[in-house]
Amino acid sequence: MPDSFVHLHTEYSLLDGAVRISDLMKRTKELGMPAVAMTDHGNVFGAIEFYQKAKKAGINPIIGCEVYLAPGSMLDKKEVTGRKRNSHLTLLASSDTGYENLSKLVTMGHLDGQWYKPRIDKDALRQHREGLICLSGCINGEVNEFLLSDRPDDARKSIEEFRDIFGPENFYLELHDHGMEQQRRSARQLIEWGKHYGLKTVAANDVHFLNRADHESHDIMICIGTNANVHDQNRLTYSPEVYFKTPAEMRALFAEIPEACDATLEIAEKCNINIKLDAASIERYPQFEPDDGTPRNDYLLRICIEGLEMRYGRDRAMNDDTLRERLDYELGIINRMNFTSYFLIVWDFIKWAKDHGIPVGPGRGSAAGSLVAYVLGITDLDPLRFGLIFERFLNPERVSPPDVDIDFCQTRRPEVIEYVRQKYGERAVSHIITFGTMGAKSVIRDVGRVLGWSYGDADKLSKMIPAELNIDLAEAVEKNPELKTALETQGNVQELWKHATFLEGLTRGTGIHAAGIVIGDKPLDNFIALTRGNEEEIVSQFAMGPLTDLGMLKMDFLGLKTLTVIHEAEMWIKKRVPDFNSAEAPLDDPATFELLKRGETVAVFQMESGGMVNTCKQLGPDKIEEVIAILALYRPGPMQFIPNFIERKWGREPVEYAHPLLEQISSETYGILVYQEQVQQAANLLAGYSLGQADLLRRAMGKKKPEEMAKQRVTFVEGCEKTNQIPPKLANEIFGLLEKFAEYGFNKSHSAAYGIVTYRTAYLKANYPVEFMAGVLSYEVNNTDKIANFVSECQRMGITILPPDINKSLLKFAPERTKDADPDSAKPNAIRYGLSAIKNVGEGAVLAAIAERDRAGKFKS
Numbered sequence: 003m004p005d006s007f008v009h010l011h012t013e014y015s016l017l018d019g020a021v022r023i024s025d026l027m028k029r030t031k032e033l034g035m036p037a038v039a040m041t042d043h044g045n046v047f048g049a050i051e052f053y054q055k056a057k058k059a060g061i062n063p064i065i066g067c068e069v070y071l072a073p074g075s076m077l078d079k080k081e082v083t084g085r086k087r088n089s090h091l092t093l094l095a096s097s098d099t100g101y102e103n104l105s106k107l108v109t110m111g112h113l114d115g116q117w118y119k120p121r122i123d124k125d126a127l128r129q130h131r132e133g134l135i136c137l138s139g140c141i142n143g144e145v146n147e148f149l150l151s152d153r154p155d156d157a158r159k160s161i162e163e164f165r166d167i168f169g170p171e172n173f174y175l176e177l178h179d180h181g182m183e184q185q186r187r188s189a190r191q192l193i194e195w196g197k198h199y200g201l202k203t204v205a206a207n208d209v210h211f212l213n214r215a216d217h218e219s220h221d222i223m224i225c226i227g228t229n230a231n232v233h234d235q236n237r238l239t240y241s242p243e244v245y246f247k248t249p250a251e252m253r254a255l256f257a258e259i260p261e262a263c264d265a266t267l268e269i270a271e272k273c274n275i276n277i278k279l280d281a282a283s284i285e286r287y288p289q290f291e292p293d294d295g296t297p298r299n300d301y302l303l304r305i306c307i308e309g310l311e312m313r314y315g316r317d318r319a320m321n322d323d324t325l326r327e328r329l330d331y332e333l334g335i336i337n338r339m340n341f342t343s344y345f346l347i348v349w350d351f352i353k354w355a356k357d358h359g360i361p362v363g364p365g366r367g368s369a370a371g372s373l374v375a376y377v378l379g380i381t382d383l384d385p386l387r388f389g390l391i392f393e394r395f396l397n398p399e400r401v402s403p404p405d406v407d408i409d410f411c412q413t414r415r416p417e418v419i420e421y422v423r424q425k426y427g428e429r430a431v432s433h434i435i436t437f438g439t440m441g442a443k444s445v446i447r448d449v450g451r452v453l454g455w456s457y458g459d460a461d462k463l464s465k466m467i468p469a470e471l472n473i474d475l476a477e478a479v480e481k482n483p484e485l486k487t488a489l490e491t492q493g494n495v496q497e498l499w500k501h502a503t504f505l506e507g508l509t510r511g512t513g514i515h516a517a518g519i520v521i522g523d524k525p526l527d528n529f530i531a532l533t534r535g536n537e538e539e540i541v542s543q544f545a546m547g548p549l550t551d552l553g554m555l556k557m558d559f560l561g562l563k564t565l566t567v568i569h570e571a572e573m574w575i576k577k578r579v580p581d582f583n584s585a586e587a588p589l590d591d592p593a594t595f596e597l598l599k600r601g602e603t604v605a606v607f608q609m610e611s612g613g614m615v616n617t618c619k620q621l622g623p624d625k626i627e628e629v630i631a632i633l634a635l636y637r638p639g640p641m642q643f644i645p646n647f648i649e650r651k652w653g654r655e656p657v658e659y660a661h662p663l664l665e666q667i668s669s670e671t672y673g674i675l676v677y678q679e680q681v682q683q684a685a686n687l688l689a690g691y692s693l694g695q696a697d698l699l700r701r702a703m704g705k706k707k708p709e710e711m712a713k714q715r716v717t718f719v720e721g722c723e724k725t726n727q728i729p730p731k732l733a734n735e736i737f738g739l740l741e742k743f744a745e746y747g748f749n750k751s752h753s754a755a756y757g758i759v760t761y762r763t764a765y766l767k768a769n770y771p772v773e774f775m776a777g778v779l780s781y782e783v784n785n786t787d788k789i790a791n792f793v794s795e796c797q798r799m800g801i802t803i804l805p806p807d808i809n810k811s812l813l814k815f816a817p818e819r820t821k822d823a824d825p826d827s828a829k830p831n832a833i834r835y836g837l838s839a840i841k842n843v844g845e846g847a848v849l850a851a852i853a854e855r856d857r858a859g860k861f862k863s
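Residue numbering for the sequence shown follows this note's numbering, beginning at 3 and increasing consecutively.
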């Protein structure tokens with residue numbers, strides 16, 4: 003049986019390894035190897051992708067890590083005389099417990115031991131040794147550090163420590179041979195010591211790229227990562243031998259000690275892990291525990307009833323059968339699908355945010371379709387009033403966890419995350435990592451720099467890449483004849499292009515997801531490894547996709563600047579209208595719709611573009627439903643129906659329905675199917691689908707799978723005939739219509755929720771223009787272009803902009819009354835420039851000046 007590789011670096015050894023996991027599995031299978039290891043530097047970023055692709059290829063995945071070992075305690079972040087800052091050690095998970103321990107060790111390195119590198123120590127190894135196999139490491143391992151510096155006693159002591167920690171059966175002396183005399187000297191000694199201690203040796207190749215021919219491109223990548231030039235002396239280089247050798251090549255290399263190659267198979271047989279992947283599982287979700295000990299289902303019912311009475315009044319809450327039936331129906335599904343804790347968790351942190359004055363958006367995504375979410379205060383729009391569907395959010399026909407995304411005030415979002423962290427545990431909550439890759443334009447510039455090109459020449463070539471989202475180099479050549487000619491005729495371009503195409507798409511660095519948060523039922527390193535962001539925040543080592551596959555509880559805590567602007571405006575309004583709350587603004591305010599009809603939508607949420615201005619002027623919205631429809635239609639795809647929507651509203655085009663029953667569904671959108679929910683309702687009303695089944699139909703239409711669509715068409719046509727005696731010919735036509743609109747349809751729940759935010763900003767601008775624009779300007783104090791644009795809008799609106807004044811200005815822009823203000827009104831008529839908007843004046847200095855002014859009175863000079 004062919005051997006296995008036990009020391010290998012994928013592209014997740016950032017700007018160091020150049021092995022793509024898909025290519026690795028293909029090559030491993032070609033060579034008939036039963037297993038392969040992934041041992042990236044100090045992280046397990048790629049573990050789930052590696053595991054999934056290996057399993058799919060029928061290969062045993064050995065998940066490991068080349069960890070960094072501190073010379074003493076990982077907590078001692080200082081130089082140690084006679085020692086390197088860290089040494090390398092290869093760890094492999096042989097069991098599920100070992101995988102968990104590997105995650106814990108990697109986490110410890112990043113969260114506790116970080117000093118130049120994420121280091122662990124031998125105490126940590128002793129604590130988390132179970133289920134791990136240890137290899138002594140490459141030339142940079144501790145054993146070799148001592149051995150090659152002529153400290154044999156220390157080298158032997160190190161071997162003894164690792165043997166005692168892991169046991170002789172789980173500790174191997176690692177051999178490498180890239181033609182370096184140091185490696186061969188090390189190997190000779192390690193073989194001798196292996197016999198002395200009864201330890202096995204294992205052959206490894208420290209793989210960094212897949213094929214020998216990749217060496218030069220890998221070298222370019224190393225230069226990119228170390229900010230070097232290929233012509234630099236004394237730069238970091240790798241041997242051309244660190245490629246994925248064939249078993250025959252490895253056997254030839256270690257011909258004098260074949261048992262070292264045999265050991266790779268022995269290790270592969272020992273390593274058997276099973277990572278539970280189930281996106282629908284809630285096993286790893288935290289459980290909400292009510293303070294009073296009430297069972298969760300009873301507690302949820304109680305607070306829902308309280309919320310129902312608060313939203314609708316006690317009389318309607320008690321006597322409206324439609325309300326109670328909808329509530330009971332939703333709670334029944336939530337309880338049956340075991341999502342009670344989920345709703346309580348969300349309710350709890352949103353309640354905390356609102357109790358602490360942190361603005362929360364009215365809703366986002368399909369959650370706005372839930373009455374339970376509305377009465378709990380998770381959302382702030384009535385799903386019955388807007389005809390929203392619960393099954394679009396939580397489908398009893400499809401086992402999938404709910405997904406509640408929440409908008410918070412941009413500036414105070416971190417407070418909510420900190421509350422969740424304090425409630426569930428410091429290490430049970432984390433941000434979510436993202437990975438940046440080498441894009442077409444950037445890789446051209448990077449490779450050009452490394453090869454010694456001038457910035458101008460490399461930039462000129464990169465600008466030949468068409469400015470299209472996600473375009474790759476191969477597409478670029480076909481789309482730009484000038485680029486194609488350069489590639490065909492210029493040798494230096496050909497050289498650059500060769501390396502750029504090899505490197506394109508490789509992972510370059512990490513970032514943090516703008517909104518994603520993971521919450522666990524216990525410290526997350528029981529399931530996933532963690533790292534830190536640039537500001538010391540705790541971050542998962544897995545991106546959103548793998549976290550979903552693992553069944554982790556993920557939520558999007560989004561920062562929405564519009565909520566901050568609304569809050570700022572309300573703060574000023576309350577100085578003269580103490581009980582004001584924009585959430586209570588009437589949804590039929592004439593001044594608001596007149597503003598929209600005039601297209602005066604600068605600073606109105608999602609209505610600022612020129613196209614939106616024109617749409618508002620042509621449509622002349624006069625009800626909230628039309629505002630919601632505009633947001634859904636003004637997107638690529640459905641935008642083509644905007645002219646029809648406008649013409650039908652004004653009676654210049656007939657409103658027609660393929661079947662009379664469709665009028666119930668689409669009359670508010672003038673016979674045009676704008677929303678995904680309308681497709682669901684049509685299937686429900688015409689063909690007798692349950693709303694859950696209709697959601698599955700909608701999803702199937704979106705995926706366009708021919709076999710599935712053929713089955714659904716038969717079901718739909720038969721259902722139409724059975725339920726409403728609709729002839730098959732007409733039913734087929736209606737199915738085609740639904741299929742067409744399903745491609746473009748938008749989530750009505752999301753559109754309705756954001757339509758409310760749009761309306762509130764328009765309402766504030768129409769009725770409290772000075773306070774609103776002061777809030778708008780205050781948010782943009784650091785953006786001079788936007789300040790200029792909004793100042794111009796204020797002047798158009800007749801609002802006076804007063805200059806900064808050390809004795810009158812505040813930190814931010816503030817409403818003010820001048821002598822020209824209406825004496826019969828308390829309304830402000832001007833906005834005073836905020837001191838923090840002055841260029842080159844820091845906020846600290848401004849606050850100090852304001853504090854001094856408050857203490858000692860006005861400045862005199």
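For every residue, glycine included, the Cβ atom is placed at its ideal position computed from N, Cα and C.
{"Item": "Give a yes or no on whether the minimum CB-CB distance between L177 and chain C is below 8 Å.", "Value": "Reference to chain C is not applicable here, since this structure consists of a single protein chain."}
{"Item": "Just to confirm, is the Cβ distance from W349 to I380 under 8 Å?", "Value": "yes"}
{"Item": "Which whole runs of the alpha helix (DSSP H) in the segment 513–585 are 4 residues long or more, in chain order?", "Value": "546–551 and 563–575"}
{"Item": "Our contact map puts A282 next to V401 with C-beta atoms below 8 Å; I'd like the distance itself, whole angstroms only.", "Value": "5 Å"}
{"Item": "Going by DSSP in three states, N472 sits in which element: helix, strand or coil?", "Value": "coil"}
{"Item": "Should the segment 667–683 be called in touch with the segment 745–752, which here means at least 3 C-beta pairs below 8 Å?", "Value": "yes"}
{"Item": "Mapping DSSP to helix, strand and coil, what is H210?", "Value": "coil"}
{"Item": "Look up H433 in the DSSP assignment and give the residues it is bridged to.", "Value": "I519 and V541"}
{"Item": "What does a CB cutoff of less than 6 Å around M440 pick up in its chain, not counting 5 residues either side in sequence?", "Value": "L505, E506, L508 and R510"}
{"Item": "Tell me where the beta strand (DSSP E) around E144 begins and ends.", "Value": "Element bounds for E144: not the beta strand (DSSP E) but the alpha helix (DSSP H), E144 to L150."}
{"Item": "Using 10 angstroms around the beta-carbon of Q543, count the other beta-carbons present and answer buried if the total reaches 16, otherwise exposed.", "Value": "buried"}
{"Item": "Please tell me whether, using a cut-off of 7 Å, the distance from the CB of V579 to the nearest non-hydrogen atom of the ligand MG is below it.", "Value": "You won't find the ligand MG in this model; it holds no ligand whatsoever."}
{"Item": "As an exercise, report each continuous alpha helix (DSSP H) stretch of at least 4 residues that is fully enclosed by the segment 155–201, in chain order.", "Value": "183–199"}
{"Item": "In three-state DSSP terms, what is M3?", "Value": "Because M3 carries a pLDDT of 49, less than 50, the predicted location of this residue cannot be relied on, and the following value inherits that uncertainty. Coil."}
{"Item": "Taking Cβ positions, are I259 and I135 nearer each other than 8 Å?", "Value": "no"}
{"Item": "With a cut-off of 8 Å on the beta carbons, I'd call E243 and G143 a contact; round off their distance for me.", "Value": "Actually they do not touch by this definition, with Cβ atoms about 18 Å apart."}
{"Item": "Please check the pair F607 and T564, which I expect to be a contact at CB under 8 Å, by giving their CB distance rounded to whole angstroms.", "Value": "5 Å"}
{"Item": "For E132 and N45, what's the separation of their Cα atoms in angstroms?", "Value": "19 Å"}
{"Item": "For R415, which residues from the same chain have a beta carbon less than 7 Å from its beta carbon, with the 5 sequence-adjacent residues on both sides left out?", "Value": "F559 and G561"}
{"Item": "Any chance you could list the beta strand (DSSP E) runs of at least 3 consecutive residues sitting entirely within the segment 698–722, in chain order?", "Value": "none"}
{"Item": "Helix, strand or coil: how does DSSP classify H130 here?", "Value": "coil"}
{"Item": "Just mark M3 as buried or exposed, buried being the case when its beta carbon has 16 or more other beta carbons within 10 Å.", "Value": "Its pLDDT being 49, under 50, M3 is placed unreliably by the model, and nothing is read from it."}
{"Item": "Would you check if the segment 598–607 and the segment 815–826 touch, i.e. whether three or more CB-CB distances between them fall below 8 Å?", "Value": "no"}
{"Item": "Which residue comes first and which comes last in the beta strand (DSSP E) that contains L71?", "Value": "N62 to L71"}
{"Item": "Below 8 Å, how does it come out for the segment 32–45 and the segment 63–81: are there three or more Cβ pairs, yes or no?", "Value": "yes"}
{"Item": "Can you give the Cα-Cα distance for K272 and F341, rounded to whole angstroms?", "Value": "39 Å"}
{"Item": "Excluding the 5 residues flanking F388 on each side, which residues of the same chain have their C-beta closer than 6 Å to its C-beta?", "Value": "A754"}
{"Item": "Within the same chain, show all residues whose beta-carbon is closer than 7 Å to that of L597, passing over the 5 residues directly before and after it, in chain order.", "Value": "A764, K767 and A768"}
{"Item": "Compare the C-alpha of G359 against each of E570, Y53 and A832 and name the closest.", "Value": "E570"}
{"Item": "Looking at C-beta atoms only, is the number of pairs between the segment 185–193 and the segment 146–163 that lie closer than 8 Å three or more?", "Value": "yes"}
{"Item": "Going by beta-carbon coordinates alone, are D551 and L279 separated by less than 8 Å?", "Value": "yes"}
{"Item": "Please confirm if the segment 420–436 is in contact with the segment 518–537, defined as three or more CB-CB distances below 8 Å between the two stretches.", "Value": "yes"}
{"Item": "Taking L621 as the reference, which of A634, R637 and P645 has the closest Cα?", "Value": "P645"}
{"Item": "Does the structure place the segment 209–226 close enough to the segment 13–28 that three or more beta carbon pairs sit under 8 Å?", "Value": "yes"}
{"Item": "Could you say if the segment 784–804 and the segment 623–637 meet the contact criterion of at least three C-beta pairs nearer than 8 Å?", "Value": "no"}
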